[in-house]
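Trainee: Dropping a structure here in C-alpha cells format, bear with me for questions.
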Amino acid sequence: MNYTMIGLRLFHIFSAVVWVGATFTMVLFISETAAALGADAQKFMQYFTQRSRFQKYMAATSGLTVLSGIWMYYIVIGPVPNFSIGRDLALTVGALAGFAAMYIGIRMAGTVNKMRSVGEAIGKAGKPSQEQLGNMGQLQERLGQFGSLNAVLMVVALAGMTLSEYFAF
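With this note's numbering, letter number 49 in the sequence shown gets 50, and the count goes up by one each step, no holes.
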C-alpha cells in the first residue's frame, strides 16, 4: 500500500473541494446576488473582500491542490508524459487547466486589491467621481469574467483528473 499516494490524494481532493466549491459559490451565487442588489451589496462586498479570510483560504487551497497534484503527477507519470497513453494526456490536460485556474485566481486577487483601493478612495472622498465609478465598473466586469473563466478551467481540470483512468487508448 502506497501511503504517500493515499495522503497526497486526500490532500489533493479535500483542498480541491474547498477551492472549487468556493469558486462556484462565488461565481454562481455571491456575484449574482451582489450584482442584483447593486449599491446595497457594497458594504457586504467591501467587508468580504477586505476583512474576510476568503482570499487567504483560496490561495492556501489552490496552492495545496496544485502542489499535491504536481507530486502525484510525478509519481504516476514521471518527468515526461507519454501522450500516446490516454491517461497521461487526460491528466496533463487536467493539470494544465488547474495551473491556469490558479493563475487566473492570482489575477483575480490583484483585481480585488485594485477594487479595494478604488473603494478606499471613494470612502475618503465621500462621493464617487464618474472616473471612479467607471473604474470600479470595469474592475467588477473583469472580476466576473475571470470568475467565469476560472469555473470553466476547474471543470476541465476535474474532468481530466476524474476520467483519466477511463482513457486507456
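The beta-carbon is built from N, C-alpha and C at its ideal position, and this holds for glycine as well.
Keep in mind it's a predicted model, so treat the numbers as computed, not measured.
The alpha helix (DSSP H) with N136 in it runs from where to where?
Mentor: Where N136 is concerned, the enclosing alpha helix (DSSP H) stretches over Q131 to L164.
Trainee: How is the alpha helix (DSSP H) around S69 delimited, first residue to last?
Mentor: First-last of the alpha helix (DSSP H) with S69: F55 to V77.
Trainee: Looking at the structure shown, is V81 part of a helix, part of a strand, or coil, going by DSSP?
Mentor: In the structure shown, V81 sits in coil (DSSP, three-state: anything other than H, G, I, E or B).
Trainee: Rounded to a whole number of angstroms, what is the C-alpha to C-alpha distance between S53 and G111?
Mentor: Those two C-alpha atoms are separated by around 16 Å.
Trainee: Is it the case that the Cβ atoms of H13 and T66 are separated by a distance below 7 Å?
Mentor: A contact, by the Cβ cut-off of 7 Å.
Trainee: Considering only the alpha carbon of each residue, which of K57, T26 and L150 lies closest to S100?
Mentor: At residue 100 the sequence reads Phe, which differs from the Ser that was named. Among K57, T26 and L150, the Cα nearest to that of F100 belongs to L150.
Trainee: Between L9 and S85, is the Cβ-Cβ spacing less than 7 Å?
Mentor: Contact flag unset, no.
Trainee: Which whole-angstrom value describes the C-beta separation of Q43 and V113, a residue pair presumed to lie in contact below a C-beta threshold of 8 Å?
Mentor: Going by Cβ atoms, the distance from Q43 to V113 rounds to 14 Å, so no, they are not a contact pair.
Trainee: In angstroms, rounded to a whole number, what distance separates the CA positions of A98 and D41?
Mentor: C-alpha separation (whole angstroms): 35 Å.
Trainee: Does DSSP classify F168 as helix, strand or coil?
Mentor: Note: F168 maps to coil in three-state DSSP.
Trainee: I'd like the list of long-range same chain contacts for A122, defined as Cβ closer than 8 Å, with 5 residues on each side in sequence excluded.
Mentor: Hits under 8 Å: Q133.
Trainee: Looking only at its chain, what residues have a beta carbon closer than 6 Å to the beta carbon of F168, apart from the 5 residues adjacent to it on each side?
Mentor: Here the set comprises G87, R88 and A91.
Trainee: Which residue wins for smallest C-alpha separation from R143, given the options S16, I7, S130 and V28?
Mentor: For R143, the nearest C-alpha among the options comes from V28.
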